[in-house]
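Encoded as structure tokens, the structure appears first; notes follow it.
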Amino acid sequence: MLTDSELRDELDRVAAAVGIRVVHAGGRDPVSRKTWSAATAVVLDQAAAERCGQLALPRRTQVSVLTGTDAGTATWAAAVAVGAQHVLTLPGQEQELTGALAEAAESVRDDRPHGQVVAVIGGCGGAGASLFAVALAQAAADALLVDLDPWGGGIDLLVGGETTPGLRWPDLALQGGRLNWSAVREALPRHRRISLLSGTRRGYELDAGPVDAVVDAGRRGGVTVVCDLPRRLTDATQAALDCADLVVLVSPCHVRACAAGATIAPVLTAINPNLGLVVRGPAPGGLRAAEVAEITGVPLLASMRAQPRLAEQLEHGGLRLRRRSALAAASRRVLGVLAGRAA
Numbered sequence: 001m002l003t004d005s006e007l008r009d010e011l012d013r014v015a016a017a018v019g020i021r022v023v024h025a026g027g028r029d030p031v032s033r034k035t036w037s038a039a040t041a042v043v044l045d046q047a048a049a050e051r052c053g054q055l056a057l058p059r060r061t062q063v064s065v066l067t068g069t070d071a072g073t074a075t076w077a078a079a080v081a082v083g084a085q086h087v088l089t090l091p092g093q094e095q096e097l098t099g100a101l102a103e104a105a106e107s108v109r110d111d112r113p114h115g116q117v118v119a120v121i122g123g124c125g126g127a128g129a130s131l132f133a134v135a136l137a138q139a140a141a142d143a144l145l146v147d148l149d150p151w152g153g154g155i156d157l158l159v160g161g162e163t164t165p166g167l168r169w170p171d172l173a174l175q176g177g178r179l180n181w182s183a184v185r186e187a188l189p190r191h192r193r194i195s196l197l198s199g200t201r202r203g204y205e206l207d208a209g210p211v212d213a214v215v216d217a218g219r220r221g222g223v224t225v226v227c228d229l230p231r232r233l234t235d236a237t238q239a240a241l242d243c244a245d246l247v248v249l250v251s252p253c254h255v256r257a258c259a260a261g262a263t264i265a266p267v268l269t270a271i272n273p274n275l276g277l278v279v280r281g282p283a284p285g286g287l288r289a290a291e292v293a294e295i296t297g298v299p300l301l302a303s304m305r306a307q308p309r310l311a312e313q314l315e316h317g318g319l320r321l322r323r324r325s326a327l328a329a330a331s332r333r334v335l336g337v338l339a340g341r342a343a
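Following full-length UniProt numbering, the numbering of the sequence shown begins with 1 at its first residue and continues without gaps.
What follows is the structure, encoded as structure tokens:
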């Protein structure tokens, strides 16, 4: 309920970005209790807030009051009377309005099951953690694959989706806040049933806020969120570890990899105790997966033998997970553990 045309235009723009349809209530006509209670969100100007306050409408959440200038005493009084949670000035507070509308849109769907978050990290360099993250995403029914290694060249190359249109990390101007999953999904590349948030071929840095926002959106959207982590504890890495339901440490099956895994495992466990091990063959010295688990001190989730011609496949179109492959079997076992933790 806005009379100012500029405020209406700004609201329409922000709502479109969030994925909410706007219904503008007419002029000075009183709003019905049914309309008031049924709306996903209510956005008012000062005059509308004063009218609604006089009607003694029932208190509700997701009410915002907009003003085109700094809010004065009368605006604040009207907002308090109507029970508004936000008083926002436009232009200037578009991000706050975006967050409020995104929260409102998601709140109506909060009764559906939430997704789980799994973070994958290598026990040593070249462990195959990114490959296993892609395999997990392909094995899941619906997944968001989040690339958190800004110097990795882009996980879209590993998926085979480097030409798929959509936003990558450097394209996103996020500071944090709550995002609408349907809007995020629409903006990202979608390749082989995976929503993909990848890096690019140039370096960049990630903060914790955007990672929290994207991962939370995927979780609330009910998808499996797979985070591919670098082997350095950046703010973004820490954010993913903090929110993960399961952290997977991937280790090759040789002595030096075991030593490296034993070094990083206590650091990871201190951040998130839900840590499990995946061991990847071959084992040139005959080391067994159970021995790798004993050396690293991490519970064994799955082990897999080497997959023939995998490197060649990755060079020609990215990973295509074959159902009977060892990689697919290990991925299903880890997803089963993840589902068990959510139960």
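Backbone N, C-alpha and C define an ideal beta-carbon position, used for all residues, glycine too.
| Query | Result |
| --- | --- |
| Top-ranked residue by Cα proximity to residue 161, from 172, 147, 151, 89 | 147 |
| Through-space distance from residue 289 to residue 12, alpha-carbon basis | 57 Å |
| Selection from 257, 254, 131, 75 that minimises the alpha carbon distance to residue 331 | 131 |
| Residue burial classification, residue 188 (beta-carbon count within 10 angstroms, cutoff 16) | buried |
| Cβ-based neighbour list, residue 344, same chain, cut-off 7 Å, excluding 5 preceding and 5 following | Lying outside 1 to 343, the shown extent of the chain, residue 344 is not represented and no answer is given. |
| First and last residue of the uninterrupted alpha helix (DSSP H) at residue 280 | From DSSP, residue 280 is part of no alpha helix (DSSP H) but of the beta strand (DSSP E) over 275-280. |
| Alpha helix (DSSP H) runs contained entirely in the region 98-176, provided each spans 4 or more residues | 129-139, 156-159 |
| Closest Cα partner of residue 140 within the set 92, 165, 226 | 226 |
| Nearest neighbour of residue 220, chosen from 105, 35, 16, 312 [CA to CA] | 105 |
| Of the residues 128, 213, 81, the one placed nearest residue 183, counting alpha carbons only | 213 |
| Residue 81 versus residue 208: straight-line alpha-carbon distance, rounded | 37 Å |
| Pick from 170, 35, 196 that is closest to residue 206, judged by C-alpha positions | 170 |
| Helix, strand or coil at residue 240 [DSSP, three-state] | helix |
| Simplified DSSP state of residue 13, which is helix, strand or coil | helix |
| Cβ neighbours of residue 231 in the same chain (closer than 6 Å, five flanking residues each side left out) | 122 |
| DSSP state of residue 198 mapped onto helix, strand, coil | coil |
| 6 Å CB neighbourhood of residue 198 in its chain, flanking five on each side removed | 147, 154, 155, 156, 168 |
| Residue 262 and residue 296 closer than 8 Å at C-beta | yes |
| Of the residues 251, 91, 245, the one placed nearest residue 272, counting alpha carbons only | 245 |
| Contacts around residue 257, its chain only, beta-carbon distance under 7 Å, and the 5 residues preceding and following it disregarded | 123, 124, 127, 251 |
| Residue 338 versus 287, 224, 240, 305, residue with shortest Cα-Cα distance | 224 |
| Residue 119 versus residue 269 - alpha carbon distance | 13 Å |
| Residue from 149, 49, 137 with nearest C-alpha to residue 234 | 149 |
| Assumed close pair residue 90, residue 66 - CB separation to whole angstroms, cut-off 8 Å | 6 Å |
| Beta-bridge partners of residue 249, as assigned by DSSP | 121, 277 |
| Check whether residue 115 and residue 281 have beta carbons under 8 Å apart | no |
| Residues near residue 97 in its chain [Cβ-Cβ closer than 6 Å; skip 5 each side] | 14, 88 |
| C-alpha gap between residue 249 and residue 143, whole angstroms | 20 Å |
| Assigned exposure category for residue 151 - 16 Cβ within 10 Å defines buried | exposed |
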